[in-house]
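Visitor: Protein chains in written order, with our numbering: chain A, 24 to 337; chain B, 221 to 569; chain C, 141 to 454.
The C-beta atom is built at its ideal place from N, Cα and C for all residues, glycine as well.
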């Protein structure tokens, strides 16, 4: 078990190192002078020099990388070209919004997927099953930003039930936080839920068809026990993995939905960074996203190993 | 078809069982009018190749073949009840305390995420009303009974910690946990190494002597049958084509299919030192969706001794008896009378 | 819609004895594909939609009743009518025509991007799987690094370096989807590599390239074809998303994503501007996904489905 843990963590570290190099190169692969590009028409020799010095762009590239990496490890992701504020600070400001959305979406997704997927598996080829299958296939095909627009149109502008945009911090006003969270969570959660439904269904079907399920029935155990104790435990294991991966993706990838909802999250921040050529900010944001993704994936793998005793035994 | 007359009262009597399964290509006639019975302390072997319907015939008794798509008719009398007519809740009470099953692949038949102990105790908790502690004590006893060393430690083990032979012993322990009247072993040794196979066969034999239950062995392995069965029923394409006491079957098989099966067993130093090829029954078993009219073995039969073989299904008719166990075969003709010595490679002297 | 594995769901693997005898697997191979499409009405609809899509993309301008930028100040913001099937936008342009014309960039970017991913991925996967050793490790670590970024984010980062526009979007999306092709290819190669015939070919001195071409490639074809359809779906979705946030196809080139962005501001007064392009995106992406699933059932049932790929964040 320990060996497996170490191996996985080791892999993750190597990939993370690769990621750091890739992220670091963003600024340096840009054709032209990144600082000049960032300042654009507001170019001013003083500011230019100050930014270059702060970002250490005078040094040889390897030194730059080492410095950047070293700083990043201590939490210093540089200074924004645009605002002059520390990148880390900017990111931390936006983090709660993104996390709220990610978790809200996962909750919605599970609320949709677990019942729908399970019932589907228990009654294959029934009406529920066909509906669930259709929803799954449709769900991954729907552009989430379009769904967001339609949802805002329907629920916010036409029906007036929900606010149409914006994020309110939990600490500021819990009720408003929840109210503003509903629509974006439902939009993002529906897409994730569609994916998960299919997965829950196929996972449950597979477990139902296994020999051990047959053995459980042959023992005369009541259906309820067979499902809860034998089938679910096996079926949910891969579902945990997928949910985790979804969560990782949600923490990092819902850029476009954030734009539609004017959701002051990390995704929107990254986009702004691209538009304003604020490379340190972009690098910081991308690095963090990748880190999230990797860490959540790693945690999921380890959880999987804990729950399924066979994995660690290899 | 009346159940066979025998010296022992049957504890499980199957009569005219048919199982039809709806498939995309049409209904598959998997079991076609099968009858057998087994008594306490007796071992019946149901023999046949894959696709003969032998497993389905037994699984359908316990309601383990989902219907739909299966349709099951016939009667299976157990403990005064007809299993086939029983609703699911009542069947649940029979599975375990009435009839215990051991399946083919112990690797996949045990739940990988539950401990061995849990899988042993749950049946007892449900059927015998034991609390956890008592069930665990009994579980230890059972593991010991099936020959697993350090049984108490094993309770906490997971299936993947055990070898194939051990797992199968656990399966047997589970099957026995509620003191069943009948133990069914469905290809219980097929997935194991040869040496382990012998151990398991012997184990079940010993357990039967100790506990007195009836045992039904479903297998395609004639070697296993010779070792432990009292009576044998040979199945082909969903029908019983021959049934007899085990010695009678090996000594004088009457059905061409049985003869073919026995002849195909490799025998060391056979036929006077001449190295002969393995005898093989040419052709394949019929597709259950498109069964031939008449005798199902007819297309492959080397004898075809009667004009009726092609269009009528021959009924089982008695051809003798051994110690009160009748020998029956489903042919219209007498194979010995019409046998062409050059065509049937008959290994018997 | 449900896979063939679901047939015996519910109670253990017992009844399949009936199937072990003569029944051929009638869903395999190209003939099987036709059979699947015919039997599966949804797949048939998908094929029709896709055919339509290709025709529209190729013939766009000629099919459209109005010009791509034909403005008309009297006809601003008209609701759908016989004259203007999808209504008009804020500049009086016919939305229906623009949707038709917008098909071309979507198809073009999708095709080119997936071609890049396919060629790159298959080559990497072949080399990695065939030669194993350090080259395999190296290639797959690089792929892992790419995988560590959520798709949209990686595309955005690449566009940040290269600048916006449909050409760069093609490259970006192509890079984003290369790893999945590499993995799929490599997995196929690994499964075939140890096959007797490959070893036999080796033993009679057949050159590596020859072995790869004659023995390995055909086995790789099936999963790659399936992956292509699925990736086309996501590539088109990605292109739309990138255009939506302004990084992809640039005006005056019409593009569904851009139209959505434009229409968003008018959503309350003229919902048709945003809704119809979104429906178009959905229809095409959905069809590619359905086709991918049908192809998978016909060619390679063991591979993971479009939905399973989506659930892994790809």
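Are the segment 284-300 of chain B and the segment 361-378 of chain B touching by the rule of at least three beta carbon pairs closer than 8 angstroms?
Guide: No, they do not touch.
Visitor: Under the three-state reduction of DSSP, which class applies to residue 456 of chain B: helix, strand or coil?
Guide: The sequence position of residue 456 of chain B within the second chain is 236, counting from 1. If DSSP states are grouped into helix, strand and coil, residue 456 of chain B belongs with the strands.
Visitor: Report all residues from its chain with a CB closer than 6 angstroms to the CB of residue 258 of chain A; omit the five preceding and five following residues, and keep chain order.
Guide: Here residue 258 of chain A refers to the residue found at position 235 of the first chain. Same-chain partners within the cutoff: 226, 227 and 230.
Visitor: Using CA atoms only, rank isn't needed, just tell me which of C:357, C:391 and C:310 is closest to residue 238 of chain C.
Guide: Numbered from its first residue, the third chain carries residue 238 of chain C at position 98. If we check each option's Cα against that of residue 238 of chain C, C:391 comes out closest.
Visitor: Could you check whether the Cβ of residue 315 of chain B sits closer than 8 angstroms to any Cβ belonging to chain A?
Guide: The residue given as residue 315 of chain B occupies position 95 in the second chain. It does; some Cβ of chain A falls within 8 angstroms.
Visitor: Report yes if the C-beta distance between residue 173 of chain A and residue 292 of chain C is below 8 angstroms; otherwise report no.
Guide: Sequence index remark: in the first chain, residue 173 of chain A carries index 150 (1-based). Sequence index remark: in the third chain, residue 292 of chain C carries index 152 (1-based). Contact flag unset, no.
Visitor: With burial defined as no fewer than 16 other Cβ atoms inside 10 Å of the residue's Cβ, what is the status of residue 250 of chain C: buried or exposed?
Guide: Stepping through the third chain from its first residue, residue 250 of chain C is reached at position 110. Looking at its Cβ environment, which holds 16 or more other Cβ atoms inside 10 Å, residue 250 of chain C is buried.
Visitor: Give the secondary structure of residue 292 of chain C by DSSP, where H, G and I count as helix, E and B as strand, and everything else as coil.
Guide: The residue given as residue 292 of chain C occupies position 152 in the third chain. It is helical.
Visitor: Note down, in chain order, every chain C residue with its Cβ under 8 angstroms from the Cβ of residue 307 of chain A.
Guide: Numbered from its first residue, the first chain carries residue 307 of chain A at position 284. Near residue 307 of chain A there are no residues of chain C at all, since even the closest Cβ is about 12 angstroms away, more than 8 angstroms.
Visitor: Identify the continuous beta strand (DSSP E) that holds residue 298 of chain B and give its terminal residues.
Guide: Sequence index remark: in the second chain, residue 298 of chain B carries index 78 (1-based). Counting along the chain, the beta strand (DSSP E) containing residue 298 of chain B begins and ends at 290-298.
Visitor: Going along chain A, which residues have a C-beta under 8 angstroms from residue 323 of chain B?
Guide: Taking the first residue of the second chain as 1, we reach residue 323 of chain B at position 103. In chain order: 234, 237, 238 and 241.
Visitor: Do you know how far the Cα of residue 320 of chain C is from the Cα of residue 372 of chain C?
Guide: The residue labelled residue 372 of chain C in the question sits at position 232 within the third chain. The residue labelled residue 320 of chain C in the question sits at position 180 within the third chain. Going from the Cα of residue 372 of chain C to the Cα of residue 320 of chain C covers about 12 angstroms.
Visitor: Using a Cβ cut-off of 9 angstroms, pull out every chain A residue sitting near residue 418 of chain C, in sequence order please.
Guide: Numbered from its first residue, the third chain carries residue 418 of chain C at position 278. Correct list: 165, 166, 168, 169, 170, 172 and 173.
Visitor: Kindly indicate which three-state DSSP category residue 274 of chain C falls into: helix, strand or coil?
Guide: The residue you call residue 274 of chain C lines up with position 134 of the third chain. Residue 274 of chain C falls in the helix class under three-state DSSP.
Visitor: Should residue 342 of chain B be flagged as near chain A, meaning a C-beta pair shorter than 8 angstroms?
Guide: If you number the second chain from 1, residue 342 of chain B lands on position 122. Output row for residue 342 of chain B: interface = yes.
Visitor: Considering only their Cβ atoms, is the gap separating residue 176 of chain A from residue 407 of chain C smaller than 8 angstroms?
Guide: In the third chain, the residue the question calls residue 407 of chain C occupies position 267. In the first chain, the residue the question calls residue 176 of chain A occupies position 153. Going by C-beta atoms, residue 407 of chain C is nearer than 8 angstroms to residue 176 of chain A.
Visitor: Taking the beta carbon of residue 473 of chain B as the centre, do at least 16 other beta carbons fall within 10 Å, making it buried, or is it exposed?
Guide: The count along the second chain starts at 1 and reaches residue 473 of chain B at position 253. By the neighbour-count rule (16 or more Cβ atoms within 10 Å), residue 473 of chain B is buried.
Visitor: If I follow the unbroken alpha helix (DSSP H) through residue 235 of chain B, where does it start and stop?
Guide: Position 15 of the second chain, counted from the first residue, corresponds to residue 235 of chain B. It is not in any alpha helix (DSSP H) - residue 235 of chain B instead sits in the beta strand (DSSP E) that spans 230-243.
Visitor: Give the range of the alpha helix (DSSP H) segment to which residue 57 of chain A is assigned.
Guide: To locate residue 57 of chain A, count along the first chain from 1; it is residue 34. Residues 57-62.
Visitor: Which bits of chain A does residue 429 of chain C rub up against, with CB to CB less than 8 angstroms?
Guide: Residue mapping note: residue 429 of chain C aligns to position 289 of the third chain, counting from 1. Near residue 429 of chain C (Cβ distances below 8 angstroms), the residues of chain A are 160, 163 and 164.
Visitor: Have a look at residue 252 of chain C and residue 310 of chain C and give me their C-alpha separation to the nearest angstrom.
Guide: Looking up residue 252 of chain C in the third chain gives position 112. Looking up residue 310 of chain C in the third chain gives position 170. If I take the Cα positions, the gap works out to 6 angstroms.
Visitor: When burial is assigned at 16 or more other CB atoms within 10 Å of the CB, is residue 352 of chain B buried or exposed?
Guide: Start at 1 with the first residue of the second chain, and residue 352 of chain B comes out as number 132. Exposed, since its Cβ has fewer than 16 Cβ neighbours within 10 Å.
Visitor: Establish whether the CB of residue 203 of chain A and some CB of chain B are separated by less than 8 angstroms.
Guide: The count along the first chain starts at 1 and reaches residue 203 of chain A at position 180. No, residue 203 of chain A does not count as interfacial toward chain B.
Visitor: Would you call the CB atoms of residue 83 of chain A and residue 381 of chain C closer than 8 angstroms?
Guide: For the purposes of this step, residue 83 of chain A is identified with residue 60 of the first chain, where counting begins at 1. For the purposes of this step, residue 381 of chain C is identified with residue 241 of the third chain, where counting begins at 1. No, they are not a contact pair.
Visitor: Taking C-beta to C-beta, are residue 571 of chain B and residue 317 of chain B nearer than 8 angstroms?
Guide: Nothing about residue 571 of chain B can be reported from this structure: the residues present for chain B run from 221 to 569 only.
Visitor: May I ask which residues mark the beginning and end of the beta strand (DSSP E) holding residue 467 of chain B?
Guide: The sequence position of residue 467 of chain B within the second chain is 247, counting from 1. It is not in any beta strand (DSSP E) - residue 467 of chain B instead sits in the alpha helix (DSSP H) that spans 466-471.
Visitor: Can you list the alpha helix (DSSP H) stretches of 4 or more residues lying completely in the segment 299-339 of chain C, in chain order?
Guide: Those alpha helix (DSSP H) runs which fall completely within the segment 299-339 of chain C and span 4+ residues are 306-333.
Visitor: For residue 108 of chain A, which three-state DSSP category applies?
Guide: Position 85 of the first chain, counted from the start, is the residue given in the question as residue 108 of chain A. Three-state DSSP puts residue 108 of chain A in coil, outside helix and strand.
Visitor: Classify residue 392 of chain C as helix, strand or coil using the three-state DSSP reduction.
Guide: Within the third chain, the letter at position 252 stands for residue 392 of chain C. Of the three classes helix, strand and coil, the one that applies to residue 392 of chain C here is coil, per DSSP.
Visitor: Check whether the Cβ of residue 388 of chain B lies closer than 8 angstroms to any Cβ atom in chain A.
Guide: Here residue 388 of chain B is taken as the residue at index 168 of the second chain, counted from 1. For residue 388 of chain B, the answer is no, since every Cβ of chain A falls outside 8 angstroms of its Cβ.
Visitor: Identify the continuous alpha helix (DSSP H) that holds residue 331 of chain B and give its terminal residues.
Guide: The residue labelled residue 331 of chain B in the question sits at position 111 within the second chain. First-last for residue 331 of chain B: undefined, no H or E at that position.
Visitor: Could you spell out the range, first to last residue, of the alpha helix (DSSP H) harbouring residue 203 of chain A?
Guide: As a working mapping, residue 203 of chain A is identified with position 180 in the first chain. Per DSSP, residue 203 of chain A belongs to the alpha helix (DSSP H) from 197-231.
Visitor: Is it right to say residue 355 of chain B is buried, meaning 16 or more other beta carbons lie within 10 angstroms of its own, or is it exposed?
Guide: Stepping through the second chain from its first residue, residue 355 of chain B is reached at position 135. Residue 355 of chain B comes out buried.
Visitor: Name the one or two DSSP bridge partners that residue 301 of chain B has.
Guide: Against the second chain, residue 301 of chain B aligns to sequence position 81. Paired residues: B:298.
Visitor: What are the residues of the segment 417-451 of chain B that lie near chain A, defined by any Cβ-Cβ distance shorter than 8 angstroms?
Guide: Per Cβ criterion, the list is empty.
Visitor: Expressed to the nearest angstrom, what Euclidean distance is found between the alpha-carbon atoms of residue 293 of chain A and residue 387 of chain C?
Guide: Numbered from its first residue, the first chain carries residue 293 of chain A at position 270. Numbered from its first residue, the third chain carries residue 387 of chain C at position 247. The alpha-carbon atoms of residue 293 of chain A and residue 387 of chain C are separated by roughly 13 angstroms.
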